[in-house]
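These notes are about the structure you will find just below.
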Ligand SMILES: Nc1ncnc2c1ncn2[C@@H]1O[C@H](COP(=O)(O)OP(=O)(O)OP(=O)(O)O)[C@@H](O)[C@H]1O
Ligand code: SF4
Ligand SMILES: [Mg+2]
């Protein structure tokens, strides 16, 4: 593969995530999985990205007022970005702790709220950044290397 | 061995080119081209959904005729427990087994007995292995193939244990050859099947090299002759000659039978391929990690709902439940019997199960990305009706087919109509600009001579 080849081939997909819409929840993660599989990405990587995407998507549905998910793919890596417009996380360190959750009773009844989502995303990815500001929103980025 | 043998095939004559099957296929393996359905061999998992949905009975499952047993000197029938549920007022399993004997078999060995062994093997494997949880049953070949195609990440979860059918064949042949001092080569074992996927699994096994089963006879084919001999047979024979499976083994015919026999807490049994897909998605997403064992059966109701079963699956299921309820208390296998079996037989899958990445657009990832972008562009231009008239199951898969070079844009009737409209418009414009009759003159035509 030439250098030019690599530079030319990359793609971006964008998904809108609605707050509180549980009928649509998980759709973006599902589409991402199908996309990666069609691209012939290694099964283990596909699984890790899908898990991270699902957790991030559910967090946006449950905890945020909505936002967008972007996935960037080039032959070396997959970059997953989630960005919402609020309410933001007060204490990120706390939010990243296994078991910490502010999920409502309703979300808990649906099986969420174990406080494992964010730690899982971090565990699955090769690189992970989360930034948040109360009143502004949360931004999360996870990178996954494609081993060739 | 052919790489892509399939029991499920198309009867071209009967196919009307409708869109029923392409819509129902769980792996998007069917296309209609030139007015006939085509099955994409690499993708087909032999689940039989298309057989059930085709209104013209153009989708068929190829099985062996009863006469094929005559290839062997000694013939053993391996009836699936589903067979017992096909007969009205059945009270005695032995009657069915003796009936099979009367059809020309030298011996009859219940696949339910094979299931009894598989249950014990599974228990042992679960007790001492650190394989990823949940362990997924590998008994339904359609589900094993579904996992290869759509859930390759879950291949390590598959139980690496032979199916009840394979165990039954191995044990039956071994015992028969010992007892009658004949060579195993001379013995043919034939599965009496409700299942197309099992036929494929015999010809083209996944996870091991060669099946011990020599053929499969469809329940649909054997039902007629068997019920005739069962009616005529005066049961003069010694009772209990063939029957030796526990009620738990027999219960495998119904959905949930396998997990019930395992006596385990954290298990889940799901039947019907669409539901199984939903649960596999959960397992793949690590959202069912507290589960120890998962039984997924492609057919609704389990094997009683197999595409080659004769009786309505709900009726058969209820009949089997009654039959099981009335069966004598089980004589479970002794630990000794299980130990011996582990010694003698190939009870494990000894070959790796490989993923089948048939959905991928290209081997080269850069190329795949480019194709994907092209696909998105094409998809964005399509009407999004998912009507199937183009012969592909959805607009998205149609876009994929175009990128792969298997279809062209104007196979879409909406696109074609649009094109025709534009062409028609152009024709009108063109015809307006052409002289009509003698009144006008076309460009460059000479001025007519004028008398002065
Ligand atoms: N996008 C977000 N916007 C606002 N708060 C968030 C967001 N994502 C996470 N949080 C906060 O961080 C906490 C921890 O998130 P995490 O995903 O780890 O657990 P959870 O969503 O509560 O439970 P689980 O993911 O196990 O179902 C959440 O309870 C919530 O308070
Ligand atoms: S459920 Fe039973 S009959 Fe149906 S495909 Fe699976 S093994 Fe065959
Ligand atoms: Mg979460």
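Protein chains in written order, with the working numbering: chain A, 1 to 148; chain B, 1001 to 1452. Virtual Cβ for every residue (Gly too), placed ideally from N, Cα, C. The structure presented is a predicted model; accordingly, all values stated were derived computationally and were not measured.
> Whole-angstrom Cβ separation of residue 1216(B) and residue 1242(B), contact assumed at under 8 angstroms?
Replying inline: Not quite, the Cβ-Cβ distance comes to about 19 angstroms (not below 8 angstroms), so this is no contact.
>> Residues of chain B with CB closer than 7 angstroms to the CB of residue 110(A), please, in chain order.
In response: Going along chain B, no residue has its Cβ under 7 angstroms from residue 110(A), so there is no contact; the nearest lies around 11 angstroms.
> Per DSSP, residue 1079(B) is paired with what?
Replying inline: Here residue 1079(B) is bridged, per DSSP, to 1192(B).
> Is any heavy atom of ligand 2 found at a distance shorter than 7 angstroms from the C-beta of residue 1316(B)?
Replying inline: No, Cβ of residue 1316(B) sits at least 7 angstroms from all heavy atoms of ligand 2.
>> So, under 8 angstroms CB-CB, residue 1307(B) and residue 1146(B) are touching, yes? Tell me the CB distance rounded to an integer number of Å.
In response: Incorrect: roughly 15 angstroms between the Cβ atoms, too far for contact.
> Which residues in chain A sit within 7 angstroms of residue 1357(B), going by Cβ to Cβ distance?
Replying inline: Correct list: 40.
> Closer than 5 angstroms from C-beta to any heavy atom of ligand 3: which residues, in chain order?
Replying inline: Taken from the N-terminal end onward, the list reads 59(A) and 117(A).
>> Going residue by residue through the region 1232-1299 of chain B, where are the continuous beta strand (DSSP E) segments of at least 3 residues, counting only ones entirely within it?
In response: The beta strand (DSSP E) runs of length 3 or more contained entirely in the region 1232-1299 of chain B are, from start to end of the chain, 1267-1271 and 1293-1297.
> Is it true that the CB of residue 35(A) sits closer than 8 angstroms to the CB of residue 1361(B)?
Replying inline: In this structure, residue 35(A) does not lie closer than 8 angstroms to residue 1361(B) by Cβ.
> Using the beta-carbon count (16 or more within 10 Å), is residue 1185(B) buried or exposed?
Replying inline: With fewer than 16 Cβ atoms within 10 Å of its Cβ, residue 1185(B) is classed as exposed.
> For residue 1327(B), which three-state DSSP category applies?
Replying inline: Taken through DSSP and simplified to helix, strand or coil, residue 1327(B) comes out as coil.
> Listing by chain order, which chain A residues have their CB less than 9 angstroms from the CB of residue 1360(B)?
Replying inline: Within chain A, the residues near residue 1360(B) are 37, 38, 39, 40 and 41.
> Does at least one heavy atom of ligand 2 sit under 7 angstroms from the Cβ of residue 1025(B)?
Replying inline: Flag unset: Cβ of residue 1025(B) not near ligand 2.
>> I'd like to check one pair, residue 1079(B) with residue 1171(B): are the Cβ atoms closer than 8 angstroms?
In response: Taking 8 angstroms as the Cβ cut-off, residue 1171(B) and residue 1079(B) do not qualify as a contacting pair.
>> If contact is defined by three or more beta carbon pairs under 8 angstroms, each pair taking one atom from either stretch, is the region 1001-1021 of chain B in contact with the region 1195-1212 of chain B?
In response: The region 1195-1212 of chain B makes contact with the region 1001-1021 of chain B; the number of CB pairs closer than 8 angstroms reaches 3 or more.
> For residue 115(A) and chain B, any beta-carbon pair shorter than 8 angstroms?
Replying inline: Look at residue 115(A): its C-beta is not under 8 angstroms from any C-beta on chain B.
> Under 9 angstroms Cβ-Cβ, which residues of chain A neighbour residue 1254(B)?
Replying inline: What residue 1254(B) touches in chain A: nothing, since even the nearest Cβ is about 28 angstroms away.
> Taking one C-beta from the region 1281-1301 of chain B and one from the region 1325-1335 of chain B each time, how about it: are there three or more such pairs within less than 8 angstroms?
Replying inline: Cβ pair count under 8 angstroms is below three, so no.
> Grouping DSSP H, G and I as helix and E and B as strand, with all else coil, what is residue 72(A)?
Replying inline: Strand, per DSSP.
> Within the present structure, is the beta-carbon of residue 1059(B) separated from the nearest heavy atom of ligand 2 by less than 7 angstroms?
Replying inline: Answer for residue 1059(B): no, Cβ out of range of ligand 2.
> List, in order along the chain, the chain B residues whose C-beta lies closer than 8 angstroms to that of residue 51(A)?
Replying inline: Around residue 51(A), the beta-carbon contacts reaching into chain B at under 8 angstroms are 1285 and 1286.
>> For a test of the three-state rule: what should DSSP assign to residue 1099(B), helix, strand or coil?
In response: Residue 1099(B): helix per DSSP, three-state reduction.
> What's the gap between the Cα of residue 1094(B) and the Cα of residue 1303(B)?
Replying inline: Roughly 20 angstroms separates the two Cα atoms.
> With DSSP run on the structure shown, which of helix, strand or coil describes residue 1180(B)?
Replying inline: Reduced to three states, the DSSP call for residue 1180(B) is helix.
> If we ignore side chains and look at the alpha-carbon of each, how far apart do residue 1032(B) and residue 1048(B) end up?
Replying inline: Residue 1032(B) and residue 1048(B) have their C-alpha atoms some 17 angstroms from each other.
> What is the rounded straight-line gap between the Cα of residue 1151(B) and the Cα of residue 75(A)?
Replying inline: About 22 angstroms.
> Helix, strand or coil for residue 145(A) per DSSP?
Replying inline: Strand at residue 145(A).
> Based on Cα-Cα distance, which residue from 1134(B), 1159(B), 1339(B) and 1382(B) lies nearest to residue 1144(B)?
Replying inline: Considering only alpha carbons, the answer is 1159(B).
> If you drop the 5 nearest sequence neighbours on each side, which residues of the same chain put their C-beta closer than 7 angstroms to that of residue 1106(B)?
Replying inline: Hits under 7 angstroms: 1074, 1075 and 1076.
> Can you list the residues of chain B that residue 47(A) reaches, using a CB-CB cut of under 8 angstroms?
Replying inline: Residues of chain B passing the Cβ test: 1153 and 1284.
> Does DSSP put residue 79(A) in a helix, a strand or coil?
Replying inline: Correct three-state label for residue 79(A): strand.
> My guess is that residue 78(A) and residue 71(A) are in contact by the Cβ rule of under 8 angstroms, so how many angstroms apart are they, rounded?
Replying inline: Contact flag correct, Cβ pair sits at about 7 angstroms.
> Going by Cα to Cα distance, which pick from 1084(B), 1142(B), 1173(B) and 1280(B) is closest to residue 1309(B)?
Replying inline: When 1084(B), 1142(B), 1173(B) and 1280(B) are compared, the shortest CA-CA separation from residue 1309(B) is found for 1084(B).
>> On the criterion of 16 or more Cβ atoms from any shown chain inside 10 Å, does residue 1324(B) qualify as buried, or is it exposed?
In response: Under this definition residue 1324(B) is a buried residue.
> Counting along the chain, where does the beta strand (DSSP E) carrying residue 1038(B) start and finish?
Replying inline: Per DSSP, residue 1038(B) belongs to the beta strand (DSSP E) from 1036-1039.
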